[in-house]
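Colleague:
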Amino acid sequence: KPNALGSLVAHYQKGEDQIQLREHSLVSHLPKALEAGQLSVLFQPKINLHNMQLAQAEALIRWQHPEYGEVSPAEFIPLVEGAGIIDIVSMWVFEEVLQQQAAWLAAGFELAVAINFSAKDISNTKFIDQVLAKLNAAPVANRLVVIEITESALMDDFESVIQGIEKLRVHGVNIAIDDFGTGHSSLAYLKHLPVDEIKIDKAFVDGLLDDAHAAEIMQTSIRLASNLGFKVTVEGVEEQPIADALISMGADMLQGDLYGIPQSGEQIQQFILSGQSG
Ligand code: C2E
Ligand code: CA
Ligand code: CA
Ligand code: CA
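For the sequence shown, counting from 1, position 244 maps to 244 in our numbering; every step adds exactly one.
1) Considering only residues of the region 75-158, which uninterrupted beta strand (DSSP E) runs meet the minimum length of 3 residues and lie entirely inside it, listed in chain order?
2) Is the closest heavy atom of ligand 1 to the C-beta of Asn-124 under 7 Å?
3) Could you check which residue in His-24, Phe-158, Gln-44 and Gln-267 has the C-alpha nearest to that of Leu-79?
4) Under 8 Å, with one C-beta from each stretch per pair, do the region 13-33 and the region 246-261 reach the 3-pair mark?
5) Is any heavy atom of ligand 4 found at a distance shorter than 7 Å from the C-beta of Lys-191?
6) Tell me, please, which residues DSSP counts as bridged to His-65.
7) What whole-angstrom Cβ distance do Gln-255 and Lys-46 have, given they're in contact under 8 Å?
8) Let me confirm a value: Glu-81 is counted as buried when at least 16 other C-beta atoms fall within 10 Å, else exposed. Which label applies?
9) Who pairs with Lys-46 in a beta bridge, going by DSSP?
10) Which residues bound the beta strand (DSSP E) around Glu-235?
11) At a cut-off of 7 Å, is Glu-58 close to ligand 2 when judged by its beta-carbon and the heavy atoms of the ligand?
12) Whole angstroms are fine: how far does the CA of Ser-274 sit from the CA of Gly-84?
13) To which residues of the same chain is Ser-226 closer than 8 Å at the C-beta, ignoring the five residues directly before and after it?
14) So, helix, strand or coil for Ser-264, using DSSP?
15) Does the structure place the region 97-107 close enough to the region 136-144 that three or more beta carbon pairs sit under 8 Å?
16) Does the beta-carbon distance from Lys-199 to Glu-238 come in below 8 Å?
17) Is Asn-174 near ligand 2, judged by its Cβ being under 7 Å from some heavy atom?
18) Looking only at its chain, what residues have a beta carbon closer than 7 Å to the beta carbon of Gln-44, apart from the 5 residues adjacent to it on each side?
19) In angstroms, rounded to a whole number, what distance separates the CA positions of Ala-55 and Phe-117?
20) If you run the structure through DSSP and keep just helix, strand and coil, what is Asn-227?
21) Is it right to say Glu-266 is buried, meaning 16 or more other beta carbons lie within 10 angstroms of its own, or is it exposed?
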């Protein structure tokens, strides 16, 4: 009969094993899950504060797993990155986005879409060439594509990520730095970054109204990024008083549940077309 410590260790190991089983199962089934139609792409509005119109939509992946139910990208994307097969997911999302943008064009409007790429994608020359070739073959203008790269991904592999960014930008593709402020990078390098947009992380939105210090950080970040010529987006905006504060601080775009949760391409289309007719 095992002693108390023994059974505690056994219990703990059972939990660990189950987590590892789930992680392994998610990664190993992902390619088949893509083929089986378990994954989809939703689009979250990014609102232009200068005209209050829809400026872009961010593509966000979803996985409806037959066994685990909805699995968050916050869980499976890092696993897929770790397993070295993120390019499969990124290319799939990119193709889905181009198809959706083509469908929107056929319905009579164009809309820029922001796509999340990982550092490994951006520093992969073959991947970037494939992206540009697919974009070229699609009826979608290059300026309608925004690539979001997290600040920490950028710092991980600075030289080769910058090379990929520059290649995309030469072809008119826009680049945004995602999760800005969470990557422990110095502000000094910011002015040399060949990017178009800075997305300030939701972490800096929470507490904005009750914490003078948080408000000061937000104001300083927006002003600095604007002065350096970047468009400034703030994400995770859930309430109107927060939006009002960010508008007065000079943000260019806002994204968050206040303006629209992630939704299907068809819902975006209905929103745009109903807005135009009424
Ligand atoms: P992210 O790129 O920072 O995306 C924003 C996340 O915040 C999304 O979570 C979005 O649904 C959520 N969000 C937006 N507005 C609000 C709000 O007002 N309140 C709250 N509480 N949350 C809000 P989601 O879709 O679960 O994605 C999580 C992360 O997974 C993303 O963070 C991104 O890093 C990653 N991800 C999602 N889709 C993809 C993808 O296609 N490729 C890659 N590489 N990563 C992806
Ligand atoms: Ca993003
Ligand atoms: Ca094209
Ligand atoms: Ca973000």
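Cβ atoms here follow ideal geometry from the backbone N, Cα and C, with glycine treated the same way. Just so we're clear, the structure is a prediction, and the values are computed from it rather than from any experiment.
Modeller: The answer reads as follows:
1) 112-116 and 145-150
2) no
3) His-24
4) no
5) no
6) Answer is Gly-69, bridged to His-65.
7) 5 Å
8) buried
9) Gln-56 and Gln-255
10) Its beta strand (DSSP E) spans residues 231-235.
11) yes
12) 43 Å
13) Val-232, Gly-250 and Asp-252
14) coil
15) yes
16) no
17) no
18) Non-local beta-carbon contacts of Gln-44 in its own chain, meaning distances under 7 Å to residues more than five positions away in sequence, involve Ala-57, Glu-58, Leu-60, Gln-255, Gly-260, Ile-261 and Pro-262 in chain order.
19) 20 Å
20) helix
21) exposed
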